[in-house]
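Enquirer:
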Amino acid sequence: MYAYFARRVLIAIPTIILISIFVFALQKLLPGDPLLVLAGEERDPEVLEFLREKYRLNDPIPMQYLAWIGNALQGDLGISLRSNQPVTELMAEKLPVTIQLAVMSMIFAMVIGIPAGILSAVKKGTATDYVANVVALSGLSIPNFWLGIMLILLVSVKWQLLPASGYVPLSVDFGQSIHTMLMPSFVLGTALAATLMRHTRSSMLGVLSADYVRTARAKGLSERVVILKHSFRNALTPIVTLTALLFGELIAGAVLTEQIFTIPGFGKLVVDAVFNRDYAVVQGIVLVTAVGFIFMNLFADMMYFVLNPRLRGQ
Amino acid sequence: MGTHLQQETKNTSLGTALLELTDLTLRFAGQENDVVQGVNLRVSRGEVLCLVGESGCGKSVTSMALMGLLSKKNTQISSGFLSISEGGWELPSEELPAEMRGNTVSMIFQEPMTSLNPAFRIGDQIAEVVQRHRGGSREGALGHAKEMLGRVGIANPEQRLHEYPHQLSGGMRQRVMIAMALANDPKVLIADEPTTALDVTIQAQILELIRDLRDETGMGTVMITHDLGVVGEIADTVAVMYAGQVVEQGPVRDVFDDPQHPYTIGLMSAMPRMDRPGEQLAIVPGTVPTISQMPEGCRFRTRCAFAAETCVERPVLTELGGGHSVACQFAPLEDHVAVSS
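Those protein sequences? They're chains A and B, same order as listed.
The numbering used here puts the first residue of the first sequence at -15, with every later residue one more than the last.
The numbering used here puts the first residue of the second sequence at 61, with every later residue one more than the last.
Laid out in structure tokens, this is it:
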């Protein structure tokens, strides 16, 4: 088991290297020169040359890559061309915001998706199952931005129940922070809830007809224990894996949601950075996100072992 | 062994019924014919009743109906009354209450490999059924689980408690299933082909274990099997099922030595005999009709050498004496034709 994890971590290393090369190359291939922005209106050749030297842009591209990745390994992702702040500092500012959004969205997704999936599996073929599936399908089909805007119109503008935008850090005012995040995380969570519901349903359906579920009933256990303990426990593995992977998707989904609700998170940072050709920030964010994604995958693998006793001994 | 069985039979045939099933008739939703028709079963204290028949004859469905394990959505029970000493239930509308499942009446299944939950430890799975019906602490229940593992002949019960099903062999898992089923001292054990999935030496061990536990506890056992060898090994009484009907039942010696229903006769002559090596085995001609093509009346008549026009009337089980009953209007057959012996 430990050997397995050691192997998985080792495999992650070349993956991260490949991603970093890809991210770096993509930046080089993009049209436009950030220095032209930086050099100001005059675009003095001397200034440009000075900047090229300063940012080592005259070096061969592989050398540029090595310099970047070398610094990255030491925790230095460069300096934002726009704000002159270190990229790591920028990210440290924005990351907690997005993590809060992601976690709250995931809670929404799980609280809605998993019970709905269990219910529709248990009530397969009934009106409950049908309604749950239609709702899930609409959840998947309705675009985030549309749902977000409609909710703002209804909940914020018309009913004035929740703020339409803005962000309060958790450390400043816990209640207020949760309050402002409710709507964005609901919007982001619903699409995931639909995915989770569909997977929970199919996973549960596979398990409910298992022999050990019949054994549980023959033991005289209540339907609640039969379903929530004996069945769900065995249906859990694919659900946990999916949840870990969905976290990666959440970061991507956050880009749009953060724009709609003007939340100063990771998503907004990356969009701004792309528009401003702030290379160092874009590279840094993509690298950190990719590494985060790989770790979520590792975590999902680890959960496999925790949940499935059959794998543990190997 | 024969004398032992006959003594046992004599004892049990006098006993009062622990479990009695009357006139069970059911069909699967969407089908036009009953898969089980008018089945009566009766088990007394210490008795092993074997329900025999080919696969698909309705024997497993009958046992599931007894336990209340059939999906209500997919099955329609049109008649049937189940009575045990604790009460009686009209099966079309009621079922054995959950408080009695795994407690007064327990069940073990054909597939030991998949019948235990792979996600939980053996000890916890046994302790669960103890706590469910007896309450008490988890520690107490685990202690009882350990004792049960010892009783079903598992070495190192302390260590096994903490193991998962995948760490055990098929025979061991069936022993665990038996330990779980017997943990609350049930009055009746329903065993649905408990040895079919096991290899022959393990089969014999499991049968011996069930027999020993029966002697120890006096529980009644309904054993479902298609294996006549198993019947000869363990049964006191036997009920032969064909296409959802019980065609013959009675003390195992009477049914084996003097079968009276044409189907039972066919079944017996299709069984290889150690005492008659080289003998050509007889076969029952034809195949079991599908449920939609089931004939009216006696369901065996399309394959029966004795069939007559009157067989469209459904024959009732009629006692020939000594508890031996046959559902055939020509029984006893000796009067009609000389049967090969």
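Cβ coordinates follow ideal geometry from the N, Cα and C atoms, glycine included.
Of the choices B:Leu79, B:Val99, B:Trp149, B:Ala243, whose alpha-carbon is the least far from that of Leu202 (chain B)?
Expert: Looking from the CA of Leu202 (chain B), the closest CA among B:Leu79, B:Val99, B:Trp149, B:Ala243 belongs to B:Ala243.
Enquirer: For Gly62 (chain A), I'd like the list of residues in its chain whose CB is within less than 6 Å of its CB, leaving aside the five on either flank, ordered along the chain.
Expert: Val71, Ala264
Enquirer: Please state the DSSP three-state secondary structure of Asn100 (chain B).
Expert: strand
Enquirer: Check the Cβ of Arg208 (chain A) against every Cβ in chain B and list those closer than 9 Å, keeping chain order.
Expert: Within chain B, no residue comes near Arg208 (chain A); the closest Cβ sits about 11 Å away, beyond 9 Å.
Enquirer: What residues from the segment 169 to 202 of chain A come within 9 Å of chain B, judged by C-beta to C-beta, listed N to C?
Expert: Ala194, Asp195, Tyr196, Val197, Arg198, Thr199, Ala200, Arg201, Ala202
Enquirer: Since I believe Leu271 (chain A) is in contact with Ala56 (chain A) (beta carbons under 8 Å), could you give me their beta-carbon distance rounded to a whole number of angstroms?
Expert: Contact between Ala56 (chain A) and Leu271 (chain A) holds: their C-beta atoms lie close to 7 Å from each other, under 8 Å.
Enquirer: Roughly how many angstroms lie between the CA atoms of Phe158 (chain A) and Gly204 (chain A), to the nearest whole one?
Expert: 46 Å
Enquirer: Using a Cβ cut-off of 9 Å, pull out every chain B residue sitting near Asn218 (chain A), in sequence order please.
Expert: Asn177, Pro178, Ala179
Enquirer: Determine whether the Cβ of His204 (chain B) lies closer than 8 Å to any Cβ atom of chain A.
Expert: no
Enquirer: For chain B, check one thing: does any of its Cβ atoms lie closer than 8 Å to the Cβ of Leu103 (chain A)?
Expert: no
Enquirer: Taking the C-alpha atoms as reference points, what is the distance between Leu393 (chain B) and Leu380 (chain B)?
Expert: Each residue's Cα considered, the two are about 11 Å apart.
Enquirer: Out of B:Glu159, B:Thr277, B:Val96, B:Glu146, point me to the one whose CA is closest to Gly116 (chain B)'s CA.
Expert: B:Val96
Enquirer: With DSSP as the reference, label Leu131 (chain A) as helix, strand or coil.
Expert: helix
Enquirer: Would you list, in sequence order, the uninterrupted beta strand (DSSP E) runs of no fewer than 3 residues that lie entirely inside the segment 79 to 148 of chain B?
Expert: As for any beta strand (DSSP E) of minimum length 3 sitting wholly inside the segment 79 to 148 of chain B, the runs are 96 to 104, 108 to 112, 135 to 144, ordered along the chain.
Enquirer: Are there 16 or more other CB atoms within 10 angstroms of the CB of Ser122 (chain A), so buried, or fewer, so exposed?
Expert: Around the beta-carbon of Ser122 (chain A), fewer than 16 other beta-carbon atoms lie within 10 Å, marking it exposed.
Enquirer: For a test of your reading of the model: does the CB of Arg185 (chain A) fall under 7 Å from any non-hydrogen atom of the ligand ZN? Yes or no.
Expert: Ligands displayed in this structure: none; no statement on the ligand ZN is therefore possible.
Enquirer: Looking at the structure shown, is Leu(-6) (chain A) part of a helix, part of a strand, or coil, going by DSSP?
Expert: Correct three-state label for Leu(-6) (chain A): helix.
Enquirer: Could you name the residues of chain A that Arg192 (chain B) contacts, counting a contact when the two beta carbons are closer than 9 Å?
Expert: Lys203, Gly204, Leu205, Ser206, Val209
Enquirer: Please list, in chain order, all residues of the same chain as Gly230 (chain B) whose beta carbon is under 6 Å from its beta carbon, the five residues on each side excluded.
Expert: Pro172, Met173, Leu258
Enquirer: Buried or exposed: Asp262 (chain A), going by 16 or more other Cβ atoms within 10 Å of its Cβ?
Expert: Buried, because 16 or more other Cβ atoms sit within 10 Å of the Cβ of Asp262 (chain A).
Enquirer: Contact between the segment 222 to 237 of chain A and the segment 282 to 292 of chain A is defined here as three or more beta-carbon pairs at a separation below 8 Å; is this criterion met?
Expert: yes
Enquirer: Quick one: which chain A residues come within Cβ less than 7 Å of Glu155 (chain B)?
Expert: Going along chain A, no residue has its Cβ under 7 Å from Glu155 (chain B), so there is no contact; the nearest lies around 11 Å.
Enquirer: Is Ser193 (chain A) helix, strand or coil by DSSP?
Expert: coil
Enquirer: For Tyr323 (chain B), which option in B:Ala342, B:Ala89, B:Gly98, B:His204 has the closest C-alpha, if you only look at C-alpha atoms?
Expert: B:Ala342
Enquirer: Met283 (chain B) versus chain A: which residues are under 8 Å apart at the beta carbon?
Expert: None at all; the shortest Cβ gap to chain A is about 16 Å.
Enquirer: Could you name the residues of the same chain whose beta carbon sits closer than 7 Å to that of Ser355 (chain B), not counting the 5 residues immediately before and after it, in chain order?
Expert: A quick correction: the sequence has Pro, not Ser, at residue 355 (chain B). Beyond the five residues adjoining it in sequence on each side, Pro355 (chain B) comes within less than 7 Å, by CB distance, of Pro349, Arg361, Thr362 in the same chain, given in chain order.
Enquirer: Could you list the residues in the segment 320 to 331 of chain B with a C-beta less than 7 Å from some C-beta on chain A, going in chain order?
Expert: none
Enquirer: In chain order, which continuous runs of the alpha helix (DSSP H) of length 4 or greater are located wholly inside the segment 222 to 280 of chain B?
Expert: 230 to 242, 260 to 277
Enquirer: Check whether the segment 170 to 185 of chain A touches the segment 139 to 153 of chain B, taking contact to mean three or more Cβ pairs, one atom from each stretch, closer than 8 Å.
Expert: no
Enquirer: Run through the DSSP bridge pairs and tell me what Ile284 (chain B) is partnered with.
Expert: Partner(s): B:Leu111, B:Asp252.
Enquirer: Strictly by DSSP, which residues pair up with His384 (chain B)?
Expert: B:Gly381
Enquirer: Assign Glu373 (chain B) to one of three DSSP states: helix, strand, or coil.
Expert: The answer is coil: DSSP assigns Glu373 (chain B) none of H, G, I, E or B.
Enquirer: What is the DSSP secondary structure of Tyr151 (chain A), counted as helix, strand or coil?
Expert: coil
Enquirer: Quick one: which residues of the segment 272 to 295 of chain A get their C-beta closer than 8 Å to a C-beta of chain B? List them in chain order.
Expert: Leu291, Asn292, Pro293, Arg294
Enquirer: What whole-angstrom Cβ distance do Gln170 (chain B) and Glu293 (chain B) have, given they're in contact under 8 Å?
Expert: In fact, because the Cβ distance is near 17 Å, the residues do not count as touching under 8 Å.
Enquirer: Using the beta-carbon count (16 or more within 10 Å), is Ser352 (chain B) buried or exposed?
Expert: Counting Cβ neighbours within 10 Å, Ser352 (chain B) comes out exposed, since fewer than 16 surround it.
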